[in-house]
Structure formats: structure tokens, C-alpha cells
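Enquirer: For my numbering, add 8 to where a residue sits in the sequence shown, where the first one is 1. Glycine included, each C-beta is placed from N, C-alpha and C at the ideal position. Got a structure here, written out as C-alpha cells. Questions coming.
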Amino acid sequence: MFAVNILNRDDHHPNIEIMGSGFRSQSAAGPSMQELASSQKKLHETPRRERKVAVPDSKTTYIRTDIGEAMNPEVLICKPAEFQAHYLPPLPEHIRKVHEIKSIKAALKGVMINQPPSAVQPRKPEAEAFKYLQEVCRVIGGRRFTTKKRNRYQFRLVPDTRICSDVNGGNFRIDALIGEPNSNSNAKLHATDIIVPMEFKIERTYLGARKNRLQVGSAVSHIMNDDVRRNFMLAISIEDNRMTLWYFSRSHSVKSESFDYVKDQDLLIEVLISLMFATDEELGLDPRVQIHLPQEPTSAKSKPTKKKGAKIAKKYIYEFPDEVNGSRFFSTTDCISDFRTLAVAGRKTRVFKVIQVEKQGTSWREKEGAEPMVLKDVWLDANARTERQIQDQLFTDIQSFSEKPDWKSDDRLHSFTDPDDADIMQAFEAVLQNGNYKNLFLLIKAESIGHPSKEVTGVARPADPPVFLPKPVTGAGEGIRIPSRHTFQITNPSPNPSNGLAQEDQIAKPEYRKFSPKRRCFLLFADECTPVDSLPTVGDAFTVLGQCVIALRLMFCAGWVHRDISAGNVLALQDANGGWKLKLADLEYAKAFKDGSPPTTDPKTGTPYFMAHELLSRNYIRVGTQSLERGTTKDTRRQKDSQRIVRSAGKHPLRHNFQHDLESVFWIALWIITARIDHTPSMRRAKLIFTSTANLVLSGERQSTFVGDISDTLSECLVKPLLPLAQVLEDVRNDLYIEAFHRGESLAWQDEKSYSLIHAKVAIHFVFLEDTRGWGDVPLAPQDSKTSSPAPESAAEAASVLVASRGSMGSPTRRGIKPPARGTSNKRSRPVEDQDQEDQDQPEGSRSRKRGRSADREGVSGPVTSTSAQVQEAALTCRPSRRSQTQTRTTTTTTRNKGKSRGNPKKSWT
Numbered sequence: 009m010f011a012v013n014i015l016n017r018d019d020h021h022p023n024i025e026i027m028g029s030g031f032r033s034q035s036a037a038g039p040s041m042q043e044l045a046s047s048q049k050k051l052h053e054t055p056r057r058e059r060k061v062a063v064p065d066s067k068t069t070y071i072r073t074d075i076g077e078a079m080n081p082e083v084l085i086c087k088p089a090e091f092q093a094h095y096l097p098p099l100p101e102h103i104r105k106v107h108e109i110k111s112i113k114a115a116l117k118g119v120m121i122n123q124p125p126s127a128v129q130p131r132k133p134e135a136e137a138f139k140y141l142q143e144v145c146r147v148i149g150g151r152r153f154t155t156k157k158r159n160r161y162q163f164r165l166v167p168d169t170r171i172c173s174d175v176n177g178g179n180f181r182i183d184a185l186i187g188e189p190n191s192n193s194n195a196k197l198h199a200t201d202i203i204v205p206m207e208f209k210i211e212r213t214y215l216g217a218r219k220n221r222l223q224v225g226s227a228v229s230h231i232m233n234d235d236v237r238r239n240f241m242l243a244i245s246i247e248d249n250r251m252t253l254w255y256f257s258r259s260h261s262v263k264s265e266s267f268d269y270v271k272d273q274d275l276l277i278e279v280l281i282s283l284m285f286a287t288d289e290e291l292g293l294d295p296r297v298q299i300h301l302p303q304e305p306t307s308a309k310s311k312p313t314k315k316k317g318a319k320i321a322k323k324y325i326y327e328f329p330d331e332v333n334g335s336r337f338f339s340t341t342d343c344i345s346d347f348r349t350l351a352v353a354g355r356k357t358r359v360f361k362v363i364q365v366e367k368q369g370t371s372w373r374e375k376e377g378a379e380p381m382v383l384k385d386v387w388l389d390a391n392a393r394t395e396r397q398i399q400d401q402l403f404t405d406i407q408s409f410s411e412k413p414d415w416k417s418d419d420r421l422h423s424f425t426d427p428d429d430a431d432i433m434q435a436f437e438a439v440l441q442n443g444n445y446k447n448l449f450l451l452i453k454a455e456s457i458g459h460p461s462k463e464v465t466g467v468a469r470p471a472d473p474p475v476f477l478p479k480p481v482t483g484a485g486e487g488i489r490i491p492s493r494h495t496f497q498i499t500n501p502s503p504n505p506s507n508g509l510a511q512e513d514q515i516a517k518p519e520y521r522k523f524s525p526k527r528r529c530f531l532l533f534a535d536e537c538t539p540v541d542s543l544p545t546v547g548d549a550f551t552v553l554g555q556c557v558i559a560l561r562l563m564f565c566a567g568w569v570h571r572d573i574s575a576g577n578v579l580a581l582q583d584a585n586g587g588w589k590l591k592l593a594d595l596e597y598a599k600a601f602k603d604g605s606p607p608t609t610d611p612k613t614g615t616p617y618f619m620a621h622e623l624l625s626r627n628y629i630r631v632g633t634q635s636l637e638r639g640t641t642k643d644t645r646r647q648k649d650s651q652r653i654v655r656s657a658g659k660h661p662l663r664h665n666f667q668h669d670l671e672s673v674f675w676i677a678l679w680i681i682t683a684r685i686d687h688t689p690s691m692r693r694a695k696l697i698f699t700s701t702a703n704l705v706l707s708g709e710r711q712s713t714f715v716g717d718i719s720d721t722l723s724e725c726l727v728k729p730l731l732p733l734a735q736v737l738e739d740v741r742n743d744l745y746i747e748a749f750h751r752g753e754s755l756a757w758q759d760e761k762s763y764s765l766i767h768a769k770v771a772i773h774f775v776f777l778e779d780t781r782g783w784g785d786v787p788l789a790p791q792d793s794k795t796s797s798p799a800p801e802s803a804a805e806a807a808s809v810l811v812a813s814r815g816s817m818g819s820p821t822r823r824g825i826k827p828p829a830r831g832t833s834n835k836r837s838r839p840v841e842d843q844d845q846e847d848q849d850q851p852e853g854s855r856s857r858k859r860g861r862s863a864d865r866e867g868v869s870g871p872v873t874s875t876s877a878q879v880q881e882a883a884l885t886c887r888p889s890r891r892s893q894t895q896t897r898t899t900t901t902t903t904r905n906k907g908k909s910r911g912n913p914k915k916s917w918t
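Right under this line is the structure:
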């Protein structure tokens, strides 16, 4: 048994302990976070961290522990003086002069307390014990300084006040705030009114401190999900006579060590002056975003899609500054994509439907002739290129390729020289001419880039143990056990731990990594598009996928990889004739294949539902030529050692390549004909293939789908009109596997011309699919259908969403496999399917708070259902129409001959 003190040693409260095992107290001194991060061996570009998003309707008070666990890796600690100097708004000049502080303290005589609240007898309720802070803020707010003006925000005690929110699940309450004044006693408190939330406890105990921390963290998490204006937030928590200062941003979060505000009244006064004389920007509000109260739109173009009983959410005005022509302003009309994340740090991608507006007096009105547009709001690393910069550079490289006199003789197109490929090359040449290639991409019309967030103060260090500790549950002979609950969904989850313990039942060691500043980017798109898996028919979807193959060939010829091909990024726009045209989106992860960056053993990009087999397994399918001799046990041990080397930092670390992008198109096609068809057998098969994929390790079913023949499996589950596609997708899969195998055998991953053949083969398959007779009219299930599989999360968060689950998963050994011949099939037996085992909800219980906050519970008071989130990606669905049919062509190569026997059944799927 070990004594555990989660409070900092400088807190001077040695009696606050909990009996358990395996924890150390947070040390007030030690190496900084940057020193710890630098001391670690760098094995890859960026560690893959699991990201969690809340189930849409989960109550904030039910998921506090989940929020704390998600935020732990991003929270650092520092001393109060360091926090004040780096994170608090600057003080007015000369405020630290002795006579200034003395003057303020004299005005507060009789107001400030001289003993801890816990020492006051008789004991007062929390609201009354801390009511004196209201008078302190009133006196301080009445001061005048020449260099800074008093802001409009006021200190308010709100312990029993219900908080309204535009985000579901906002049942939390806070003790106090600095925020919008309460001009009307009947006015409701909205999450956007809270600028600095505060939590109080009269006594300083382990559970009280833990609860305060979780209440602060969960409140900030919810507010920053709700309020689009927030760049960062400040918060305050108090336990008895100890005050802690908090800073939360999209880059990192910091908790100060607590200080005795009863004794150090000068620091308390300076903290409150900083907050009450700060500008909006110094308090974390983005000056380019402002709240716009809902008004009746002046035209049908900007009318939002309103469901019966839905809330009328606040709207926001985004500013796109332009020094030459003046700023343009766009009002949100509909939310297309905005995931409720648990952690604060991250990209926090939001996508809105907007329309341009202009100021008329004190109100905003839709600008005459304005057309609906799409706005993307995302946080990027400060040193990263914006998506527009990436798109511009990609277009420059494609243009340079097209201007080569001998571009048809380029090594990357050497597999397209067959005379039968003439029509493919003619279509490709037409795309290259006159900049027509730009029509295949979702064009960015404007961008606005914000200032970088604060850097980590050099003396900040990781918290060990973490700041937000799970609630301990004592069991016989078990020490401390952390209950697990299904109130969240995981994106980018880590592999299952190998020690047999549940992932939620472990206390992870601090992740020492460098936190880079981030900057907020607004991107404006002119086109409202539809995701490929939301088009009216299978024929429409495959037509767009065929265009996507052409777009990827363009990127291949320019030497670029997309790195996030998914159903949410392959978009379509309907033209005047009713046809669907590709708009390939989300280039933020795209980069030149040979950009000089070191390869990574742990690729961090891609949507797991559609991620290539090698990326999910973190191994190439084949590495060199291996002997098929029987060998000895020593040989087997050496073989296993070499496998471990390849998985980490071996001779051939994994790099996202051109074929991986093409393979993602295959997985999208498979997703569409299984998960997106209102047909129970195919949807069941889709759940086996795609559900467990986001664990970023291969399930047995996902593995067998790529390494073995799938024609029979698809023939058994597909709806009858789609049966011809079973053999088509098997041919595509077989070609992808064989090419990956032979490329690995010759260690040719960096040889760009080695990808020419697979591009040619996939192009031929999709030319064959241009003839959609018999199967093209099969409708896709509506996205809101109860029977349709939910679409995975798009690359907006670069991961798929799924219910947290554990299963026995792993990738098979690739040694000793006889190499298949090109043009043949690599049929192999399927392993036993993995069974995902879901955690059972384990409520922590709930306790009513004495001051009337009965709804503000620490744990779960009943099961919370975790269902996969249905995600509507980049735009509203356009009006369905039948696609135009094109003629097929006869082919003569081995790959082409496979298609000659494919028949078209009768047009019936009922």
C-alpha cells in the first residue's frame, strides 16, 4: 500500500491522501516538459494519440471522468508566478507599485477574509462563504487606469442557475463566473455568457479537489464546444484557502500550482484586475467571430434546415479581412459538421453553411445577390501550411507536369502505353489542358489565418500523476480500480494494451511531447457538395469514384499523395444536366511524396474505415525476399526479432504511398455496396469489415477481406442487381494485393514508377464500370434511415467514430508466403472472425449537492447508451437524378479479359 497525494507538494496540505498503489505525488520541482520531450527517443513524426468525442446526447455531468481522461495528456503544471506572467492578461502599467496595491487593499478593508473558509464557525454554505468575492470585484472594477479600460464583464454567483446551451448534454452548473452582466433577472444564463468559470469548495479534501478539477475541465470542454468565438479559456478553482488558475487552449492546457489567497492577497488582487481589465481577445474571444442573434432570412437560399422541435441556435458572423477591398462577413445558416469533443486541444474542425451579410445599422442583413457557401473552421499547427497553400502548390506541380512536351513518356505513365489505353490517355490529356484539372477539386475561394496561440512556458512540466485522476473504487484485494463507462466514442484509438487490463482501467503515464502553437484558419468554399456515399444511386457513386481515380492519377504524376481519401472527402456536385462531378476535398494532409521528411513507423493520417491495409497493420505486406526453407527454432526467434524491428524503427519504416490512396477508393466502393444499401445481409457484412477497423489494428475480417478472395463472400451478401460488382471488386483487391507484394519484394516503395502499373489496372477496372446497366439504378439508403449503417467520421478529425470496444486483434505473420504470380489470384483461407467485446456500463452513482445542484452529478445514475454517430460530411444532399449512361469498351489484356464474363442481371432488387 502506498500513500498517494494528488495535490502539489507546495499546497501545504500533507494530510490529503488516498490509499492505493502505483502513484507518485506531483513534484513541485523537476525537469520541464520540453526537456522531458527532448529526452525521449523519437520513433515517428507525431505519436498517435487516441481522440475521444462525446456521444451526442451524453450529459456533461455523466462524462466528467471521461473528459478528464481525454484531457490529461494535454495538461501541464507551473508555478503561479509563471502562470501570471505567461497566461494571464497583462496588468495595467504601474499596478505593481506598492502604493497602488496598498490603495486597493485599503479600499477592501473589511471585505477581504483573514482566515480560511473552513475555519469560520458556524460553517457557511458555499455561496455565502465566497460571496465576499463579489464585493472585491466590485471595488476593483471601480478603479481607473490610464492604460487599460474596464471591460463589461462582471463577477456573478450562480450556484443554482441552469445553463442553456446550443450543444446537447449541457446539464452542468458552476459556482460563479466572470461574464456577461445579468441585466434582466429573468434572463437565462447561456454558455456563451461565461467568460471565466469558477468552482468552489469550502474544504480541501482529495475528493473535493478532484471534483473541482473535473467540474472546471468539463465546463470548459462544453463551453468551448458550444461557443464558436473561443480561442482559449481561463478558469479558477478554489478549495478552502487555496486558489488554482487554469488555461485551456487548442494547443495545450496549464494548471497553476495553488496559492494561499488569504495570505497572498496581492496576487489575488492582481489576478482579478487582469481579468476585469482585459480585452475580449485577451480573454480568449476571436475578434473575427461574433454572435449574431437569429433573424428571419431575406431569401430562401439562406433558410436553415429546421427539424420539428429543434432549438434555434445562435448564429455567428465570420469576418474575412481584406486590406485592399475591405472585410467580408458571412453568417452561419446551418451547421454541416461539428463534433462534440471531450478534450480541448486539437484541430476542432467545424463546417458551416454560410451566406454573405452586411451591416445595416445595428443589425446584419443578407447581402443582395449572395449565394450560399461553405465555411471550414480548423486549428492547424502554427508552422503548418494551410489547405489553400497546399492546394496552390499542388496545382503548380500539376501544371508543371502538364507543360512538359514529353509528359506522355513520363516513367509514371509507362504502363499506359498499350494501344488499348488510348481512350484513357485522351481523357487524361483533356483534363490536363487549360487547367481543367482544377474542376476535379473543391476550390478554396478565400482564407483567413489567425494569430498563433501561446507557446508553452519553458518551465511548465507534465503532471505526474495526471491532473484529472479517475474516481477510485476500493475492491477486495484489488487496490484502486477505475470504473469504465460507455459515454464516449473513440477516434484514433490506441491498440489494446497487452497486459490484459481494460484500457479504461489503466492510469497512463504522462506523454512527454512538445506542444506546438496552433493558429485558427477559416476557409471559404463556393460549392455545396454531397459525399459520395450520400448520392442517389450506386451508379452515381461509382461514376464519381472513377473520376476520383483520375484525380489521384493527377496527384501521382505531380508526385503528391493525398493521405486521407474517405467517403467524406470524395464529394460530388450536380451539374446542369443532372450528372455528378467529383470535387476532391480536404487536402490539408496532402504532401509531396518525396518532400524530404523522414518516414514514419506510425502513419498518423487517414480515415480508418478506408485506410489501406499496410497502414492499419503498420507493416508492409512484403519486405524483401524470404526463404521458404523450414529453418530451426533459432531461426524463428531471429525472425520474430526482425519483425519487432520493422514495427518500430527498422530499416524500412512505413510511408504513405500512392497505392495507399488508390486502395482507399477500393474500401469506399466496398462500403457503398454493403453498408449503404438497404439490404440486411450486406449491412451485416459491412459491420464485420468496418466496425473494428478504427482500432488501428487489423481485425480478422478486415484482414481476410484484403488478403483473400472476396468474390464468394460478396456474392452471398450483396443485393441481386449488384452481384456483378462482386467479381469487379475482387479483381481490384487482387491487383492491389499482388502489386503491394511484388513492390515489397523488390523494396521499391520509393520508386515512383513502380506505381504506374497499379494506376493503369485500377483505371481499366473503373472504365469497365462506366457501363452501369442493370445495377447503376440501385438506390443508396437515406443517411437518416434506421437501417442504414452510419457513415464514419470524415477527415475533418482524421479518424472514424465508433463505440469504444475491445477485441482480440492482430496482423498475421507475412514470412514464408509463396509470392503470387502477377495476373493471378492470391486466394487464401480466412481466419476466425474477431469478436468485439463491449464494456458494460458501470455507474459510479450520484450524489445530490447540498446547495441545490441535484443534477450536477459526478458519476452515472444509470446506463448511457453509446451508439455510433451519424455524420453528415461536407454539404447538403442535392436533388437526386438519374445519371447518364456511357458505353463500355472491349479490352484485350489479362486484366481486361476478367471483365468479359461479367453479366448484368435483370433490373430488380426487391
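1. Buried or exposed for L733, going by 16 or more other Cβ atoms inside 10 Å?
2. Kindly indicate which residue of V546, V262, S408 has the alpha-carbon position closest to the one of P787.
3. Roughly how many angstroms separate the alpha carbons of V83 and T287, rounded to a whole number?
4. Please list the segments of the alpha helix (DSSP H) lying wholly inside the stretch 715-769, counting only runs of 4 or more residues, in order along the chain.
5. Just list the beta strand (DSSP E) runs in the stretch 436-465, keeping only unbroken ones of 3 residues or longer that don't cross its boundaries, in chain order.
6. Identify every residue that forms a DSSP beta bridge with F328.
7. Between the C-alpha atoms of N233 and D418, what's the straight-line distance to the nearest angstrom?
8. Tell me where the alpha helix (DSSP H) around M232 begins and ends.
9. Please classify T713: does DSSP put it in a helix, a strand, or coil?
10. Which one or two residues does DSSP pair with P4 in a beta bridge?
11. For the pair the stretch 435-453 and the stretch 405-422, tell me if three or more CB-CB distances fall below 8 Å.
12. Taking 8 Å as the cut-off, does the stretch 395-405 touch the stretch 448-456 (at least 3 CB pairs, one atom from each stretch)?
13. Count the other CB atoms within 10 Å of the CB of D342; is the residue buried (16 or more) or exposed (fewer)?
14. What residue range is occupied by the uninterrupted alpha helix (DSSP H) comprising Q399?
15. With DSSP as the reference, identify every bridge partner of P470, one or two as the case may be.
16. With three or more beta-carbon pairs closer than 8 Å as the criterion, would you say the stretch 421-441 touches the stretch 176-187?
17. Going by Cα to Cα distance, which pick from Y597, E376, A549 is closest to V578?
18. Buried or exposed for R528, going by 16 or more other Cβ atoms inside 10 Å?
19. So, at 8 Å on beta carbons, what are the nonlocal neighbours of G187 in its own chain, with the 5 sequence-adjacent residues on each side left out?
20. Give me, in chain order, the residues of the same chain whose beta-carbon lies closer than 8 Å to that of C172; leave out the 5 immediate sequence neighbours on both sides.
21. Does DSSP put A566 in a helix, in a strand, or in coil?
22. Quick one: give me the first and last residue of the beta strand (DSSP E) that F360 is part of.
23. Who are the Cβ neighbours of R920 in its own chain at under 8 Å, not counting the five residues just before and after it?
24. Would you kindly work out how many angstroms separate the C-alpha atoms of I210 and R170, rounded to a whole number?
25. Which of the three DSSP states, helix, strand or coil, is assigned to Q162?
26. Along the beta strand (DSSP E) that carries W588, what are the first and last residues, could you check?
27. Count the CB pairs spanning the stretch 569-578 and the stretch 594-604 that are closer than 8 Å, and state whether there are at least three.
28. For P133, does the count of other Cβ atoms within 10 angstroms reach 16, so buried, or fall short, so exposed?
29. Find the nearest neighbour of E90 within the set A390, L275, A677, K589, judged by alpha-carbon distance.
30. Out of F347, M619, I344, H300, point me to the one whose CA is closest to S371's CA.
31. Roughly how many angstroms lie between the CA atoms of D346 and F360, to the nearest whole one?
32. Using CA atoms only, rank isn't needed, just tell me which of K110, K462, I109, F403 is closest to L440.
33. Where does I772 fall in DSSP's three states?
34. Just tell me which of L531, E536, S764 has its CA closest to the CA of P380.
35. Count the other C-beta atoms from every protein chain shown that fall within 10 angstroms of the C-beta of S257, then say buried if there are 16 or more, exposed otherwise.
36. Where V631 and W783 are concerned, what is the direct C-alpha to C-alpha distance, given to the nearest angstrom?
Expert: This is what the structure gives:
1. buried
2. V546
3. 25 Å
4. 719-725, 732-753
5. 452-457
6. R336
7. 49 Å
8. 214-234
9. helix
10. Residue 4 is absent from the structure shown; the chain starts at 9 and stops at 918.
11. yes
12. yes
13. buried
14. 395-410
15. L84
16. no
17. A549
18. buried
19. Y161, Q162, R164, D201, I202, I203, V204
20. G178, K196, L197, H198, A199
21. helix
22. 358-368
23. Residue 920 falls outside the range modelled here, since the chain spans only 9 to 918, and no answer is possible.
24. 22 Å
25. strand
26. 588-592
27. yes
28. exposed
29. L275
30. H300
31. 8 Å
32. F403
33. helix
34. E536
35. buried
36. 40 Å
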